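Participant:
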Amino acid sequence: MTTPASALETFDVVVVGGGPAGATAAHDLARQGRSVLLLDRAGRVKPCGGAIPPRLIKDFAIPDELLVAKARSARMISPKDNRVDIPIDNGFVGMVDRDQFDEWLRERAAASGAVRRIGTFDKITRDDDGVSIVHFEQRESAGKGDGVPTQVRARSIVGADGAKSKVASQQVKGAERTKYVFAYHEIVKAPAVKPAGYDGSRCDVYYRGLLSPDFYGWVFPHGDTLSIGTGSADKGFSLRTAVGKLRDTAGLAHTETLRREGAPIPMKPLPRWDNGRDVVLAGDAAGVVAPASGEGIYYAMYGGRLAAEAVQALLTTGNVKSLALARKRFMKAHGTVFRVLSIMQWFWYSTEKRRESFVKICEDRDVQQLTFESYMNKELARKKPMAHVRIFFKDMAHLLGFARA
Ligand SMILES: Cc1cc2nc3c(=O)[nH]c(=O)nc-3n(C[C@H](O)[C@H](O)[C@H](O)COP(=O)(O)OP(=O)(O)OC[C@H]3O[C@@H](n4cnc5c(N)ncnc54)[C@H](O)[C@@H]3O)c2cc1C
């Protein structure tokens, strides 16, 4: 039974999920004077390699103290152990620990006026006047045990509750058809005695079928700890065994393991992000993680920002079509990159021979610069048209087997 309209607390926006997407949406909307409830179930650190590009740090004003490490180079490692070091010119990739990072984002949203509640989203119903009622189990603090069934009225809702989003599956058609890659990593203590070749400011990326049949394995530095992980869409592939092998290979088999954890990563943006009425999705809930790289934090925050803009437009004009703007703007900015990365992953990560060629191609300075500029700045690098032409012909040579791996 629902409580009559007037008795319930009403918010302009209820944001479900306080990860990077939800915390960003809540922050932006609260700053614009909207009444915002930020609901997060809390209690679990999001499994994540925690690598973030400079564009994110700049656009979302992330303070330096949240960066537990700065990676100044990346090493691509092929099946035959060809190692290609790529210096990150004039910059670095930031590394964040998600427990601190996400909490800082939620607190920033609260400092802007968002009301924080700990609780688990259950469902959305309609009040007598058609306004949505969000039902959730509220808790005093993170942890297990039953919460108190709670209801609030919401003029709009941002679904930012991550992969396998409950808001998406209940409210947005087609969400249930999303496909996932599963990613798993182990957080280990940085070794006191460094193994040969170890560099705490370098990200190592392994392209080997043994470590993943369709993705890559990684060793990312996090200051006092390391994230060692891999991913695959193949449900029969043992990610745990693969990470064990990766730790052996990297000389990190005997370092202390602090956490073992995994989570699904959506493979493709959903065809719709809104319910045509009052709900819009953002981040993993909307399916936006870059293929080939698995990068999702920047896209979640950008998606959260676009969801906030869409909600603001809806609340200002009453036009429900405003909600579709979030997806439209996102795909305009990043749709091409997502499509290119998807083809890249499908082609280059599929056989050992192609992985070998892929790492070989990465020896090219132009490939390195274009790839990293695109990653760092989130824009397709257009500065060197001739480099694109050269890369195209090199790629074709590898594709057609004219070039030797
Ligand atoms: C192993 C692994 C490694 C990764 N490495 C990287 C990386 O190095 N760099 C990168 O950019 N991306 C990486 N990603 C992807 C990245 O973690 C995600 O894309 C990103 O966290 C998405 O942010 P989000 O806010 O959409 O969702 P999430 O971060 O998943 O946040 C969702 C929030 O919703 C809350 N929630 C969920 N259900 C409910 C509910 N019913 N009620 C209330 N609250 C709820 C959760 O508590 C959580 O706080 C990795 C992912 C994995 C699995």
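Mapped onto my numbering, the consecutive letters of the sequence shown carry residue numbers 69 to 473.
From the three backbone atoms N, C-alpha and C, an ideal C-beta is built for every residue, glycine too.
Because the structure is a prediction, the values reported are computed rather than measured.
Quick one: what does DSSP say Q168 is sitting in, helix, strand or coil?
Facilitator: The sequence position of residue 168 within the sequence shown is 100, counting from 1. Q168: helix per DSSP, three-state reduction.
Participant: Please classify W414: is it buried, with 16 or more other beta-carbons within 10 angstroms of its beta-carbon, or exposed?
Facilitator: Numbered from its first residue, the sequence shown carries residue 414 at position 346. Exposed, because fewer than 16 other Cβ atoms sit within 10 Å of the Cβ of W414.
Participant: Consult DSSP for K247 and reduce its assignment to one of helix, strand or coil.
Facilitator: Taking the first residue of the sequence shown as 1, we reach residue 247 at position 179. Three-state DSSP puts K247 in coil, outside helix and strand.
Participant: Would you mind working out which of A139, I145, D167, R151 sits nearest G159, comparing C-alpha positions?
Facilitator: Looking up residue 159 in the sequence shown gives position 91. Minimum Cα distance to G159 is reached at A139.
Participant: Please state the DSSP three-state secondary structure of A473.
Facilitator: As a position in the sequence shown, residue 473 is number 405, starting the count at 1. Low confidence applies here, because A473 scores a pLDDT of 46, under 50, leaving its location unreliable; read the following figure in that light. A473: coil per DSSP, three-state reduction.
Participant: Return yes when at least one heavy atom of ligand 1 lies under 6 angstroms from the C-beta of H253, else no.
Facilitator: If you number the sequence shown from 1, residue 253 lands on position 185. Result yes, Cβ under 6 angstroms from ligand 1.
Participant: Is it buried or exposed for N387, if we count other Cβ within 10 angstroms and need 16 for buried?
Facilitator: Taking the first residue of the sequence shown as 1, we reach residue 387 at position 319. Flag for N387 reads exposed.
Participant: From which residue to which residue does the beta strand (DSSP E) around T419 run?
Facilitator: The residue labelled residue 419 in the question sits at position 351 within the sequence shown. No beta strand (DSSP E) holds T419; DSSP gives it neither H nor E.
Participant: What would DSSP say about K138, mapped onto helix, strand or coil?
Facilitator: Here residue 138 is taken as the residue at index 70 of the sequence shown, counted from 1. K138: strand per DSSP, three-state reduction.
Participant: Excluding five sequence neighbours on each side, which residues of the same chain lie with their C-beta closer than 6 angstroms to the C-beta of L374?
Facilitator: Numbered from its first residue, the sequence shown carries residue 374 at position 306. Contacts found: A394, R397, F398.
Participant: Which term fits S209, buried or exposed, when burial requires 16 or more other beta carbons within 10 angstroms of its beta carbon?
Facilitator: Counting from one through the sequence shown, the residue named residue 209 turns up at place 141. When all chains shown are included, S209 counts as exposed.
Participant: Which same chain residues end up closer than 7 angstroms to R166 when comparing Cβ atoms and leaving out the 5 residues on each side of it in sequence?
Facilitator: Taking the first residue of the sequence shown as position 1, residue 166 is located at position 98. Result list for R166: V113, K114, C116, G118, in chain order.
Participant: Check for me: the alpha helix (DSSP H) holding S442 runs from which residue to which?
Facilitator: Counting from 1 along the sequence shown, the entry for residue 442 is found at position 374. Run containing S442: 433-445, per the alpha helix (DSSP H) assignment.
Participant: Pull up the CB-CB distance for G285 and P88, whole angstroms please, since I reckon it's below 8 angstroms.
Facilitator: The residue you call residue 285 lines up with position 217 of the sequence shown. The residue you call residue 88 lines up with position 20 of the sequence shown. Not confirmed; about 24 angstroms, so no contact.
Participant: Of the choices S269, G299, A178, Q168, whose alpha-carbon is the least far from that of P281?
Facilitator: Along the sequence shown, read from residue 1 onward, the residue named residue 281 stands at position 213. Checked all of S269, G299, A178, Q168; the closest Cα to P281 is G299.
Participant: What three-state label does DSSP hand A179 in the structure shown?
Facilitator: Indexing the sequence shown from 1 puts residue 179 at position 111. DSSP places A179 in helix when its eight states are reduced to three.
Participant: So, with DSSP's three-state summary, where would you put S410?
Facilitator: What you label residue 410 is simply residue 342 of the sequence shown in a count that begins at 1. In the structure shown, S410 sits in a helix (DSSP, three-state: H, G or I).
Participant: Tell me the residue span of the beta strand (DSSP E) that contains T293.
Facilitator: Taking the sequence shown and counting its residues from 1, one reaches residue 293 at position 225. Residues 293-300.
Participant: Tell me which same chain residues have a C-beta within less than 6 angstroms of the C-beta of T150, skipping the five on either side of it?
Facilitator: Indexing the sequence shown from 1 puts residue 150 at position 82. Note that residue 150 is Asn in the sequence shown here, rather than Thr. Closer than 6 angstroms at Cβ, skipping near neighbours: V427.
Participant: Would you kindly check if the distance between the Cβ of R221 and the Cβ of V249 is under 7 angstroms?
Facilitator: Numbered from its first residue, the sequence shown carries residue 249 at position 181. Numbered from its first residue, the sequence shown carries residue 221 at position 153. Cβ atoms of V249 and R221: not closer than 7 angstroms.
Participant: Using 7 angstroms as the threshold, is the C-beta distance between C430 and V161 below it?
Facilitator: The count along the sequence shown starts at 1 and reaches residue 430 at position 362. The count along the sequence shown starts at 1 and reaches residue 161 at position 93. Cβ atoms of C430 and V161: not closer than 7 angstroms.
Participant: Using the Cα positions of A236 and L383, report the straight-line distance between them to the nearest angstrom.
Facilitator: Translated into positions along the sequence shown, residue 236 becomes position 168. Translated into positions along the sequence shown, residue 383 becomes position 315. Going from the Cα of A236 to the Cα of L383 covers about 21 angstroms.
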